[in-house]
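Protein chains in written order, with numbering that gives the first Met the number 0: chain A, 0 to 190; chain B, 0 to 190.
2 protein chains.
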Amino acid sequence: MPEMMKIRARKNKRHQDLKRLVAADPFTTDQELASKLGVSVQTIRLDRLELGIPDARSRIREVARDAYEKVKSITESEVIGELIDLELGESALSVLTATADMALAHSGVIRGHHLFAMANSLAVAVVDAKVALTGSATVRFVRRVRVGDRMVAKARVTEISGRRHTVSVAIRVGADEVFTGEFAVYAVEDT
Amino acid sequence: MPEMMKIRARKNKRHQDLKRLVAADPFTTDQELASKLGVSVQTIRLDRLELGIPDARSRIREVARDAYEKVKSITESEVIGELIDLELGESALSVLTATADMALAHSGVIRGHHLFAMANSLAVAVVDAKVALTGSATVRFVRRVRVGDRMVAKARVTEISGRRHTVSVAIRVGADEVFTGEFAVYAVEDT
DNA sequence: CGTCCTCTTAACACCTGGTGCTAATCTAAG
DNA sequence: CTTAGATTAGCACCAGGTGTTAAGAGGACG
């Protein structure tokens with residue numbers, strides 16, 4: 000321990016270390032933090048209080064909560080993005096804001112399959128059937144989409160012949176068209 | 000409470016309900032479970048013991064751990080699935096096992112954009128360039144893929160003209176072709 | 001020099017969400 | 001009727017905390 004340090008400076012350094020440790024591993028308990036920083040558990044508690052750092056269980060709960068919501072949103076929603084308007088069998092509209100985790104590493108450009116997913120899920124949603132599956136698609140990535148861009152997708156059913164629905168989807172960012180696609184979606188009753 | 004039920008049947012039903020509740024929300028404590036199921040906390044504890052369900056704190060920790068370490072989902076890896084083989088500018092191969100969160104609700108059929116994402120990311124990976132972006136694609140979903148299916152994707156660069164690369168991707172489950180696609184991928188240097 | 005103030009550590013009671021154990025009921029099935 | 005399984009209860013204990021009070025250990029400063 001740096002005993003030669005002035006008392007105030009030592010405390011400050013410890014606070015920095017504490018923040019770093021907690022950020023690096025939110026699962027660390029006060030006990031572990033105390034032994035890592037060479038002070039008593041009580042000191043850690045006071046430090047956390049000063050710095051507004053919640054206790055380990057809360058930190059863990061938070062991580063779990065975040066992850067749980069996130070997984071749910073990617074996984075469990077039938078439509079990628081927010082469904083704004085839906086006229087079954089006719090047209091539909093959804094909105095999605097591009098986030099950093101949709102981007103290609105370091106470039107800030109959104110990866111194509113996120114646009115595809117948004118368009119595809121909207122195309123499936125607009126079809127008036129219990130279950131609908133995409134049969135084929137032709138898509139064009141017209142312009143690059145970047146982190147923070149607000150994407151608006153519009154789907155229109157252009158043709159129905161039997162179980163086959165042709166759906167046109169366009170995604171815009173502001174006035175710019177960034178994606179267009181034509182989806183052949185099939186209505187299905189049985190699994 | 001269903002008092003007319005036979006005791007054993009009641010217990011069985013409660014066990015099913017318990018599993019369902021815990022799966023739906025891992026954050027639920029014994030207290031909450033007890034009141035939801037109309038039995039005492041002790042009964043819940045015994046049930047958890049029988050069913051091998053860990054306590055709430057462990058469940059939360061697990062969720063947090065999972066999220067913290069291996070963020071899977073669509074977003075965070077450069078190639079969706081596991082990249083098995085890669086010959087830059089020529090061909091590539093990846094493998095992905097379909098999980099329940101990729102499926103359409105209740106049907107067990109994997110949603111198309113997961114196949115697209117697997118194929119697209121492989122197509123981008125196979126192109127020999129610092130950064131590559133998909134310009135357009137034509138895809139066919141040949142057969143339904145179900146939860147548990149092991150998908151193998153093969154990508155082959157079929158044509159290069161300037162920065163434009165044409166990549167053919169096929170995904171198979173066992174011997175069956177489930178997806179084919181043709182991707183136009185553009186090599187880019189600047190962002 | 002003494003005094004004062006901050007930092008640090010300690011001790012105690014309490015909280016939540018559990019575990020392990022023993023014991024008392026109660027019910028249904030043999 | 002007897003007995004085994006299901007349910008509930010009470011008790012001591014645990015981890016990882018909170019809040020409070022109290023007591024030393026350094027400085028800083030008149």
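Where is the CB? At the ideal position from N, CA and C, for every residue including glycine. Note that the structure is predicted; figures quoted are calculated from it, not measured.
- prompt: What are the start and end residues of the alpha helix (DSSP H) that includes Ile43(A)?
  reply: Element bounds for Ile43(A): Val40 to Leu50.
field: Chain-order list of residues whose beta-carbon lies under 6 Å from that of Lys10(B) (same chain, five-residue window excluded)
entry: Excluding sequence neighbours, Lys10(B) sits near nothing in its chain.
Interface residues of chain B facing Ile59(A) [CB-CB closer than 7 Å]: In chain order: Ile59, Arg60 and Ala63.
query: For Arg163(B), which three-state DSSP category applies?
result: In the three-state reduction of the DSSP assignment, Arg163(B) falls in the strand class, which pools E and B.
query: Hey, is Arg139(A)'s beta-carbon within less than 7 Å of any beta-carbon in chain B?
result: By this cut-off, Arg139(A) is an interface position.
- request: Would you mind telling me which residues of chain A sit closer than 8 Å to Arg143(B), beta carbon to beta carbon, in chain order?
  value: For the C-beta of Arg143(B), the chain A residues within less than 8 Å are, from N- to C-terminus, Leu132.
- request: Pull out every residue of the region 12-46 of chain A whose Cβ sits closer than 7 Å to any Cβ of chain B, in chain order.
  value: Residues: none.
message: So, does the region 88-101 of chain A touch the region 92-108 of chain B, judging by three or more C-beta pairs under 8 Å?
response: In this structure the region 88-101 of chain A does not lie against the region 92-108 of chain B, because fewer than three pairs of beta carbons, one per stretch, are closer than 8 Å.
- request: Kindly indicate which three-state DSSP category Leu17(A) falls into: helix, strand or coil?
  value: The answer is helix: DSSP assigns Leu17(A) an H, G or I state.
field: Alpha-carbon to alpha-carbon, Arg44(B) and Leu20(B)
entry: One alpha carbon belongs to Leu20(B), the other to Arg44(B), and they sit about 14 Å apart.
message: For His14(A), tell me which candidate among Ala154(A), Leu82(A), Ala169(A) and Ile52(A) has the shortest Cα-Cα distance.
response: The shortest C-alpha separation from His14(A) is found at Ile52(A).
message: Quick check: the Cα distance between Ala122(B) and Val108(B), rounded to an integer number of angstroms?
response: In this structure, the alpha-carbon of Ala122(B) lies about 24 Å from that of Val108(B).
query: Looking at chain B, which residues of the region 92-108 of chain A have a Cβ within less than 8 Å of any of its Cβ atoms?
result: Along the region 92-108 of chain A, the positions whose C-beta sits under 8 Å from a C-beta of chain B are Asp100, Met101, Leu103, Ala104, Ser106, Gly107 and Val108, read in chain order.
query: How big is the Cα-Cα spacing for Asp127(A) and Gly88(A)?
result: Distance between the alpha carbons of Asp127(A) and Gly88(A): 5 Å.
query: Thinking C-beta only, is His164(A) closer than 7 Å to Val172(A)?
result: Not a contact, by the Cβ cut-off of 7 Å.
query: What's the C-alpha gap between Gly80(A) and Leu114(A)?
result: Distance between the alpha carbons of Gly80(A) and Leu114(A): 10 Å.
- prompt: Residues of chain B with a CB under 8 Å from the CB of Ser135(A): which are they?
  reply: Ordered by position in chain B, the residues that pass the 8 Å Cβ test against Ser135(A) are Thr137, Val138, Arg139 and Phe140.
field: Separation of Ala118(A) from Gln41(A), as counted between CA atoms
entry: Those two C-alpha atoms are separated by around 55 Å.
query: Which of helix, strand or coil does DSSP assign to Phe115(B)?
result: Of the three classes helix, strand and coil, the one that applies to Phe115(B) here is helix, per DSSP.
Own chain residues within Cβ distance below 6 Å of Ala151(B), not counting five before or after: Per the sequence shown, the amino acid found at residue 151(B) is Val instead of Ala. Here the set comprises Val94 and Arg171.
- request: May I ask you to verify whether the region 131-148 of chain B touches the region 175-182 of chain B, counting CB pairs closer than 8 Å and requiring at least 3?
  value: Because the criterion of three Cβ pairs below 8 Å is met, the region 131-148 of chain B and the region 175-182 of chain B touch.
task: Can you grab the Cα-Cα spacing for the pair Val62(B) / Tyr67(A), in whole Å?
output: C-alpha of Val62(B) to C-alpha of Tyr67(A): approximately 7 Å in a straight line.
- request: Alpha carbon to alpha carbon, how far is Val184(B) from Ser135(B)? Give it in angstroms, no decimals.
  value: Ser135(B) and Val184(B): Cα-Cα distance of roughly 7 Å.
query: Where does Ile79(B) fall in DSSP's three states?
result: Coil at Ile79(B), not helix or strand.
- request: Within its chain, find whatever has a CB closer than 8 Å to the CB of Lys71(B); leave out the 5 residues flanking it on each side and keep chain order.
  value: The predicted position of Lys71(B) is uncertain, since its pLDDT is 43 and thus under 50; a value taken from the coordinates is nonetheless stated next. Cβ within range, chain order: n/a, list empty.
query: Which term fits Leu48(B), buried or exposed, when burial requires 16 or more other beta carbons within 10 angstroms of its beta carbon?
result: Burial call: exposed.
field: DSSP bridge partner residues for Ser57(B) (one or two, in chain order)
entry: In the DSSP output, where bridge partners are listed per residue, Ser57(B) has none listed.
query: For Thr179(B), which of helix, strand or coil comes out of DSSP?
result: Strand, per DSSP.
- request: Run the CB neighbour count on Ser160(B), radius 10 Å, all protein chains shown included, and call it buried at 16 or more, exposed below.
  value: By the neighbour-count rule (16 or more Cβ atoms within 10 Å), Ser160(B) is not buried but exposed.
Listed by chain order, chain A residues near His164(B) by CB distance under 9 Å: Here the premise fails: no neighbours, minimum Cβ distance about 14 Å.
- request: Return helix, strand or coil for Ala122(A), following the three-state DSSP convention.
  value: The answer is helix: DSSP assigns Ala122(A) an H, G or I state.
- prompt: Residues in its own chain within less than 8 Å of Asp54(B) by CB, not counting five upstream and five downstream?
  reply: So the list reads Asp29 and Arg47, once near-sequence residues are dropped.
Environment of Leu50(A) [buried if 16+ CB atoms lie within 10 Å]: Exposed, by the Cβ-count rule.
message: Tell me the residue span of the alpha helix (DSSP H) that contains Leu32(A).
response: Boundaries of the alpha helix (DSSP H) around Leu32(A): Asp29 to Leu36.
- prompt: Cα separation between Ala116(B) and Asp100(A)?
  reply: Each residue's alpha carbon lies about 14 Å from the other.
- request: Pull up the DSSP beta-bridge partners for Asp84(B), would you.
  value: Paired residues: Leu92(B).
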